[in-house]
Amino acid sequence: MSGTAASTARGEPRKLRTTKSAVRRHRAGRMLTYSFLAAVALIYLFPFLIAIATSFKTEPNATANPLSLAPSPPTTSAFHQLYQDQDFLLWVKNSLIVTLSVTFLRVFLDSLAGYALARLRFRGRGAAFATIVAVMAVPGVVLLIPKFLMIRQLGIYNTYYGMIIPLLVDAAGVFIMKNFFESIPTSVEESARIDGAGIFRIYWSIVLPMARPALITIFILAFQGSWNELAHFIISAQSTSLNTLTKGVAQLASGQLGSGNRYPLKLAASTLMTIPVAVLFFVFQRRIMNVASGAVKE
Amino acid sequence: MAGITFDNVTKTYGDGTRAVSDLNLDVEDGEFVVFVGPSGCGKTTALRMIAGLEEVSDGEIRIGERVVNNLQPRDRDVAMVFQNYALYPHMTVAENIGFALRMRKMSKQEARPRIEETARILGLVDHLDRKPRQLSGGQRQRVAMGRAIVREPQVFLMDEPLSNLDAKLRVQMRAEIARIQRQLSVTTVYVTHDQVEAMTMGDRVAVLRRGLLQQFEPPQRLYEQPANLFVASFIGSPAMNILEATLERNGDDVVCRVGSTTLTLPAEVLSARPALVSYVGKSVAVGIRPEALHHSGRLNGGSGRLRGVVRAIEALGPEQLAHVEVEAQPVLVEDVVEGLVDADQAEDLAEIMTDSDGAKAMLVARLDASASLRPEETVELAVDLRKLHFFDLESGATIGA
Chain H
153 MSGTAASTAR GEPRKLRTTK SAVRRHRAGR MLTYSFLAAV ALIYLFPFLI AIATSFKTEP
213 NATANPLSLA PSPPTTSAFH QLYQDQDFLL WVKNSLIVTL SVTFLRVFLD SLAGYALARL
273 RFRGRGAAFA TIVAVMAVPG VVLLIPKFLM IRQLGIYNTY YGMIIPLLVD AAGVFIMKNF
333 FESIPTSVEE SARIDGAGIF RIYWSIVLPM ARPALITIFI LAFQGSWNEL AHFIISAQST
393 SLNTLTKGVA QLASGQLGSG NRYPLKLAAS TLMTIPVAVL FFVFQRRIMN VASGAVKE
Chain L
3 MAGITFDNVT KTYGDGTRAV SDLNLDVEDG EFVVFVGPSG CGKTTALRMI AGLEEVSDGE
63 IRIGERVVNN LQPRDRDVAM VFQNYALYPH MTVAENIGFA LRMRKMSKQE ARPRIEETAR
123 ILGLVDHLDR KPRQLSGGQR QRVAMGRAIV REPQVFLMDE PLSNLDAKLR VQMRAEIARI
183 QRQLSVTTVY VTHDQVEAMT MGDRVAVLRR GLLQQFEPPQ RLYEQPANLF VASFIGSPAM
243 NILEATLERN GDDVVCRVGS TTLTLPAEVL SARPALVSYV GKSVAVGIRP EALHHSGRLN
303 GGSGRLRGVV RAIEALGPEQ LAHVEVEAQP VLVEDVVEGL VDADQAEDLA EIMTDSDGAK
363 AMLVARLDAS ASLRPEETVE LAVDLRKLHF FDLESGATIG A
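From first to last, the protein sequence lines stand for chains H and L.
Note that this note's numbering numbers the first sequence so that position 200 is 352, with each residue one more than the last.
Note that this note's numbering numbers the second sequence so that position 140 is 142, with each residue one more than the last.
What follows is the structure, encoded as structure tokens:
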């Protein structure tokens, strides 16, 4: 303590002399850093901005000035067109069915598995967890064909079941939940045990509410993951009546919808598709907070 | 209402560590018993075995007449207060207190008056709708108490419930817990490492060390008649001064030689401890409580004198603690060192341990504030010989009858 005090006292006069130029140099450096970061951010944002801008363009305008961010004249005709297109509404419906089922069930199942791995003592727990971690290391693409074969074997090809069930649990989610549950003080659960709660009651009434930040994380990841999923839907269903937004828009983009480049239409579909996920992030980013505060004295 | 019985209870963990060894102990119905000891002594494990949070490896625990070894925690009718309170953070105070009632399928109409009554006892009525994070440490502690009280259990278990409070609040809550316990007269087992808490709260105190019960008696008796060196140095603050001494016969008298000083033991000391005579010619550990030392001249008859140099003085207002270095061999066996929880004395001891010849011991004397002492001054301390304690150096056991 006394050492630091002494050294600041000694360094003070020099500091006073250099203060002004140091501040100026510091400010210039900071501006440089920020402009660089802003430029990089802009490059990342640009494709998305183009998508939004183009969705409001007329087709000739989009073809002539594909990179322009100002539609002239601006029009919403691409959106009208999509709205009247029965296929698009079907895709939305399919996406909602699959995404909502996957999201809610995944939150539930991931947390159940995570809780078991974190708290219940059973033979093979370590091995089970190691396997789950190992699964995370396997690239999804590797499993596409085996999954396709299994889905067919199980007779759920071309059904919602085939699209939903394989997505219900994910290793990363179980991993996140397990780690979070382990951070909850055991005394809270022991207290509930003494108060008369059984294992499921403790999980449901005590631990789950305390795990809200992790649950929200899983919820967002599951929603975003299944909403944006494409590869799995390609291998699990063929029928166009089971097309999801991702599959439909991908087909649009690969030019199966008549003549011309039809950029406005395709990008209007893409733009609409991003809205639910964007809203989700917006809603939840404020909600992710530490609900465990006040449980125990740290 | 029920008592608790430990019958040869042993707890061995998977890795072979014995947390509790062969514990035999009876807590009477309605009694307030404190388990105290340094960390790792097995006190918390013993408590958790009563709760059913740890399995009993061997032996039997009974609550009332019922053997509870294989009962689930919820079937034991015990309530527990945790060191970190373990509140349910997403529930209000009322929901926290009422959770156990809800688990018993009690209706809301039935539960509400009980929750309110509990809140009234604890002064939480205005906070029933708050969440734990909106409460102060002391209030959270009360909620934890409330969760236990509302159940009207047979047994309260408390695991260092006050150790997270600041000193002032701790003293206040200490009195309050004792009051509530008396009011409800529920059998209570209270775990703490703080011997002051143990002394002030317990009807009886069980001192544990390394999983072994050292002594189980009312606080005053622990203080006045410690069973061994460990209890002697652990109970009391400042701790008992413990020196090496030799017993010798001098004519008709038995004398106790401490360093260069000879203390003649009064006949009443010998008659109270007949076994002492058999130690004549041997070394023993002699224990002197800080209050058994007086500024010279204060005490006549039945006293001896120790000469030393004042190294430090702590003024406490009505009294002062003098750290006096005397020519004597301190007893530094593990029993003593482990029992010293007082940082000051541990420091003193460490200082002495590094001393090369090791023939100097630091005594702490609790003296009247009027005694005028100056640091580095040589003083004579009068020793109240009737209050000396004697211990076998080998076994550490007290030398008595």
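Ideal Cβ placement from N, Cα and C applies to all residues, glycine included.
Asked: Do three or more CB pairs link the stretch 70 to 85 of chain L to the stretch 345 to 365 of chain H at distances below 8 Å?; Found: yes
Asked: Can you name, in chain order, every residue of its own chain whose Cβ lies under 8 Å from the Cβ of H/L221, other than the five neighbours on each side?; Found: L201, I202 and A205
Asked: Only counting runs of 3 or more residues, tell me where the beta strand (DSSP E) segments fall wholly within the stretch 201 to 252 of chain L, in order along the chain.; Found: 206 to 211, 214 to 219 and 243 to 252
Asked: Name the chain L residues that come within less than 8 Å of H/G348, Cβ to Cβ?; Found: R76, A102, M105 and R106
Asked: Please work out which residues of its chain come closer than 8 Å, Cβ to Cβ, to H/T210, disregarding the five sequence neighbours upstream and downstream, and give them in chain order.; Found: P223, P225, T227, S229 and P416
Asked: If you follow the beta strand (DSSP E) that L/A384 is part of, which residue opens it and which one closes it?; Found: T380 to D386
Asked: I want to verify the contact list: residues of chain L whose CB lies under 8 Å from the CB of H/I284, in sequence order.; Found: Per Cβ cutoff of 8 Å: no residues; H/I284 is ~25 Å from chain L at best.
Asked: Verify whether the separation of the beta carbon atoms of L/T159 and L/R172 is less than 8 Å.; Found: Residue 159 of chain L is actually Leu in this sequence, not Thr. No.
Asked: Of all the residues that make up the stretch 53 to 74 of chain L, which are near chain H by a beta-carbon distance shorter than 9 Å?; Found: A53, G54, L55 and Q74
Asked: Is the CB-CB distance between L/L278 and L/F392 below 8 Å?; Found: yes
Asked: Which class does H/Y415 belong to by DSSP, given the choice of helix, strand or coil?; Found: helix
Asked: My understanding is that L/G289 touches L/M364, with C-beta atoms under 8 Å, so please give their C-beta distance in whole angstroms.; Found: Not confirmed; about 14 Å, so no contact.
Asked: By the criterion of Cβ-Cβ separation under 8 Å, what are the contact partners of H/I358 in chain L?; Found: Y90
Asked: What in chain H is Cβ-close to L/F84, meaning under 9 Å?; Found: P337, S339, V340, E342, S343 and V448
Asked: Find the nearest neighbour of L/R20 within the set L/R259, L/R132, L/V58 and L/A177, judged by alpha-carbon distance.; Found: L/V58
Asked: Less than 8 Å between the beta carbons of L/I6 and L/I65, yes or no?; Found: yes
Asked: Quickly, what does DSSP pair L/P332 with across the bridge? List them, please.; Found: L/L245
Asked: If H/V359 and H/D262 are in contact, beta carbons under 8 Å, what's the gap, nearest whole angstrom?; Found: Their Cβ separation, rounded to whole angstroms, is 13 Å, which puts H/V359 and H/D262 out of contact at 8 Å.
Asked: Which residue from L/E340, L/M201 and L/Q156 puts its Cα closest to that of L/E67?; Found: L/Q156
Asked: List in chain order: all unbroken alpha helix (DSSP H) runs of 4+ residues lying wholly within the stretch 57 to 114 of chain L.; Found: 95 to 105
Asked: Which residues bound the beta strand (DSSP E) around H/L221?; Found: No beta strand (DSSP E) holds H/L221; DSSP gives it neither H nor E.
Asked: If the criterion is Cβ atoms closer than 8 Å, does the pair L/R176 and L/T202 meet it?; Found: yes
Asked: Considering Cα atoms alone, identify which of L/E379, L/A274 and L/V333 is closest to L/I315.; Found: L/E379
Asked: What are the boundary residues of the alpha helix (DSSP H) that L/D255 is part of?; Found: Looking at the DSSP string, L/D255 is not in any alpha helix (DSSP H); the run it does join, the beta strand (DSSP E), is D255 to V260.
Asked: For a contact defined as C-beta to C-beta under 9 Å, what are the partners of L/V80 on chain H?; Found: I346
Asked: Does DSSP put L/V282 in a helix, a strand or coil?; Found: coil
Asked: Please work out which residues of its chain come closer than 6 Å, Cβ to Cβ, to H/A214, disregarding the five sequence neighbours upstream and downstream, and give them in chain order.; Found: T206, Y415 and P416
Asked: Have a look at H/P318, H/A286 and H/T251 and flag the residue whose alpha-carbon is nearest the alpha-carbon of H/F300.; Found: H/P318
Asked: When DSSP labels each residue in this structure, what does L/S23 get in the three-state scheme?; Found: strand
Asked: Going by C-alpha to C-alpha distance, which of L/A208, L/Q74 and L/V198 sits closest to L/V191?; Found: L/A208
Asked: Going by DSSP in three states, L/N10 sits in which element: helix, strand or coil?; Found: strand
Asked: With a cut-off of 8 Å on the beta carbons, I'd call L/G39 and L/R211 a contact; round off their distance for me.; Found: 5 Å
Asked: What number of angstroms, rounded off, separates the C-alpha of H/L432 from the C-alpha of H/Q376?; Found: 9 Å
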